[in-house]
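Student:
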Amino acid sequence: MSGINIGNKIKEFRNLKGMSLKSLAEATEVSSSLLSQIEKGSANPSINTIKNISEKLDIPLFLFFKEDTPKDDFIVRKDSRRRMTFSKEEGISYELLTSDLSGSIEFMILTLTPGMESSEKRREHRGEEVAYILEGEVSLDLEGDNFTLCSGDSAKISSYMKHRWKNNGEITGKIIFAINPPCF
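The sequence shown runs contiguously to residue 185 in the numbering used here.
Listed below in structure tokens is the structure:
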């Protein structure tokens, strides 16, 4: 993701929300010095840190990875999707299927290799989510109840329901999901 400075974007959104560095650090349970290093680009945040920051700032996660140049394309080609992958968690990737997040719905694919989870703990967000299991077998931890879902199954997750996905199967799982309004 050359050309995208996540630290600058975090600082920009924090300032737009009128939050001090210290208050955001406390809210996300990250030290002020680490958050300062992240904003300066001298430290790289983990995916869970970025998720916590996006939740506390009430900013969709993908905005931290969005290029500053607007794209007028309404077509998204398979080889030009915006992707988020993380070096520590190579078995997890998100792909944005819509051209941007400016509309009223966000549409994505989550890919989980065997044994991987979407996050360390259950997460919640505003917006109703509908997920469709495209490939594999995954478990959905929904408010502490676990459901096994296979290719062709779907699930509806209401706004602010705590949840996470895990691939307990032996093959890579792919989950297509839509969230309204966009909040990732």
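Using N, Cα and C, we set each Cβ at its ideal position, and we do this for glycine too.
Closest by CA to M109, which one among L97, N147, G128 and G116?
Tutor: Among L97, N147, G128 and G116, the Cα nearest to that of M109 is on L97.
Student: Pick helix, strand or coil for I76, following the three-state DSSP scheme.
Tutor: I76: coil per DSSP, three-state reduction.
Student: May I have the straight-line CA-CA distance separating E250 from K18, to the nearest angstrom?
Tutor: The structure shown does not extend to residue 250, since the chain spans only 2 to 185, so no value can be given for it.
Student: Where in the stretch 85-117 do unbroken runs of the beta strand (DSSP E), each at least 3 residues long, occur, reported from the N-terminal end onward?
Tutor: With a minimum length of 3 residues, the continuous beta strand (DSSP E) runs that stay inside the stretch 85-117 are 93-97 and 107-113.
Student: From M20 to I176, what does the alpha carbon distance come to, in whole angstroms?
Tutor: Distance between the alpha carbons of M20 and I176: 34 Å.
Student: Going along the chain, which residues of its own chain have a beta-carbon closer than 7 Å to the beta-carbon of V31, five neighbours each way excluded?
Tutor: Closer than 7 Å at Cβ, skipping near neighbours: T50.
Student: Looking only at its own chain, which residues have a Cβ that is under 6 Å from the Cβ of E138, when we skip the five neighbours before and after it?
Tutor: Hits under 6 Å: C151 and G170.
Student: My guess is that Q179 and S155 are in contact by the Cβ rule of under 8 Å, so how many angstroms apart are they, rounded?
Tutor: The amino acid at residue 179 is misidentified as Gln; the sequence shows Ala. Actually they do not touch by this definition, with Cβ atoms about 11 Å apart.
Student: Counting only the same chain and skipping the five closest in sequence on each side, list residues whose C-beta sits under 8 Å from that of K41.
Tutor: For K41, where only same-chain residues beyond five positions count, the Cβ hits under 8 Å are G8.
Student: Whole angstroms are fine: how far does the CA of S94 sit from the CA of R84?
Tutor: Taking the straight line joining both Cα atoms gives about 7 Å.
Student: Can you list, in chain order, the residues of its chain whose CB lies under 8 Å from that of E144, leaving out five sequence neighbours each side?
Tutor: Contacts found: R123, M162, K163 and H164.
Student: Rounded to the nearest angstrom, what separates W166 and S43 at their Cα positions?
Tutor: Roughly 31 Å separates the two Cα atoms.
Student: Do you know whose CA, among S103, D80, E125 and N6, lies nearest P183's CA?
Tutor: Ranking the options by Cα distance to P183, first place goes to S103.
Student: Taking only runs that begin and end inside the stretch 18-64, name each unbroken alpha helix (DSSP H) of 4 or more residues, in chain order.
Tutor: Correct list: 22-29, 33-41 and 48-58.
Student: From which residue to which residue does the beta strand (DSSP E) around I172 run?
Tutor: It is not in any beta strand (DSSP E) - I172 carries neither H nor E in the DSSP assignment.
Student: Quick one: is P46 buried, meaning 16 or more other Cβ sit within 10 Å of its Cβ, or exposed?
Tutor: Label assigned to P46: buried.
Student: Figure out for me which residue from S140, E130, S159 and N181 has the closest Cα to the Cα of P115.
Tutor: For P115, the nearest C-alpha among the options comes from S140.
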